[in-house]
Amino acid sequence: MTVLETTRLKYEEIKPNIGARVLNSKEELLSGELSADIRELIERKGVLVFKQVHFTNEEQVAFTRTLGTFMPEGEGEDVFNISLDPKLNANKDYLKGSLFWHADGTMNPLPIGYAILSSRVLPTWGGNTEFCNTYAAYDALDEETKAKIAKLKVMHAAWNSVFYYEPEPSQAYLEAMMRIGNIELPVVWTHKSGRKSLVLGCTAHHVVDMDWVESARLLNGLREWATSEPFHYAHEWEVGDAVMWDNTGTMHRARPYDPDCGRLLVRTKTGGEEPIV
Ligand code: OGA
Ligand code: MN
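Quick note on the working numbering: the sequence shown kicks off at -15 and runs consecutively.
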């Protein structure tokens, strides 16, 4: 008789609506045998934490490849250094917006699918990464609000996020950001699975065809709701931790940190599998 043994996913819940800690070894993660179970779990929990897994860049890339279509970070770059050190990251302006709630790649036809960050250098102060589950936040809305927002569209623009971190930008900078363009997206994303999530974040400028005061009230109220305690998880980093999020059903942000401390996180990601509709 042949005894067959498959690797099982081992995890513990962090909060009912968001977060699970995966307890398997690095070798088990890299084997690829857990990828279907990981995808199933993250769809429910939004965020998975791999404590003290200590991925090298190569291992993080290999693990990411087991989860979907690997998406390089740039020309010949498999990973992206989240760092304010110009030697490690040539485009640090890009990180200013990451201090405010967002999902990655909202402006692209296909926003990214999964993202993984791993910690290499800790901040001296601040610098937690916070997440919220926008599937759970949608599900818990009252029926009246669900009906009210069902058909709404929002104009999103990268330049809107400029005003979060630079309230009086130079005209040249604003116009450069405006060249990225605008996009109209539904507030409620109906996924292929039939599940629904909220599409918000610091790129959300206004609700199309709605009075501007009403629009600001609605978008801010939904953001406050979606990021409130039941749907929220803050990750306090230790070197060697990796955190993965489902970018299609969560938002995230970095908390402020000492800009000179050398905080370094390494990011990898997979391509999105469905447009926001
Ligand atoms: C990102 C991001 C947050 C952080 O990598 O997309 O938003 O804590 N990072 O640096
Ligand atoms: Mn981000």
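Ideal Cβ positions, reconstructed from N, Cα and C, are used throughout, including at glycine.
All figures in this text were calculated on a predicted structure; none of them were measured in a lab.
Between the CA atoms of residue j and residue i - distance to the nearest angstrom
| i | j | result |
| --- | --- | --- |
| residue 29 | residue 4 | 6 angstroms |
| residue 101 | residue 116 | 16 angstroms |
| residue -9 | residue 74 | 41 angstroms |
| residue 23 | residue -2 | 17 angstroms |
| residue 190 | residue 12 | 45 angstroms |
| residue 126 | residue 232 | 22 angstroms |
| residue 10 | residue 39 | 8 angstroms |
| residue 260 | residue 153 | 30 angstroms |
| residue 21 | residue 210 | 26 angstroms |
| residue 118 | residue 179 | 11 angstroms |
| residue 143 | residue 158 | 6 angstroms |
Sequence-distant residues of its chain with Cβ nearer than 7 angstroms to residue i (five each side left out)
| i | result |
| --- | --- |
| residue 207 | 85 and 184 |
| residue 238 | 82, 83, 111 and 113 |
| residue 134 | 172 |
Anticipated Cβ contact below 8 angstroms, residue i with residue j, distance rounded
| i | j | result |
| --- | --- | --- |
| residue 50 | residue 16 | 4 angstroms |
| residue 27 | residue 195 | With a Cβ gap of about 36 angstroms, residue 27 and residue 195 do not count as contacting. |
| residue 47 | residue 14 | 6 angstroms |
Proximity of residue i and residue j at Cβ, strictly below 8 angstroms
| i | j | result |
| --- | --- | --- |
| residue 25 | residue -7 | yes |
| residue 138 | residue 169 | yes |
| residue 234 | residue 31 | yes |
| residue 55 | residue 254 | yes |
| residue 192 | residue 122 | no |
| residue 217 | residue 2 | yes |
| residue 248 | residue 67 | yes |
| residue 70 | residue 241 | no |
Contacts around residue i, its chain only, beta-carbon distance under 6 angstroms, and the 5 residues preceding and following it disregarded
| i | result |
| --- | --- |
| residue 89 | 95 and 96 |
| residue 227 | 33, 101 and 219 |
| residue 166 | 139 and 141 |
| residue 225 | 35 and 103 |
| residue 257 | 97 |
Sequence-distant residues of the same chain with beta carbon closer than 8 angstroms to residue i, five excluded per side
| i | result |
| --- | --- |
| residue 63 | 41, 44, 45, 57, 250, 251 and 252 |
Item to check | Closer than 6 angstroms to the ligand MN: residues, by C-beta to nearest heavy atom, in chain order | outcome: Taking each Cβ in turn, the ones that pass are 82, 86, 88 and 236.
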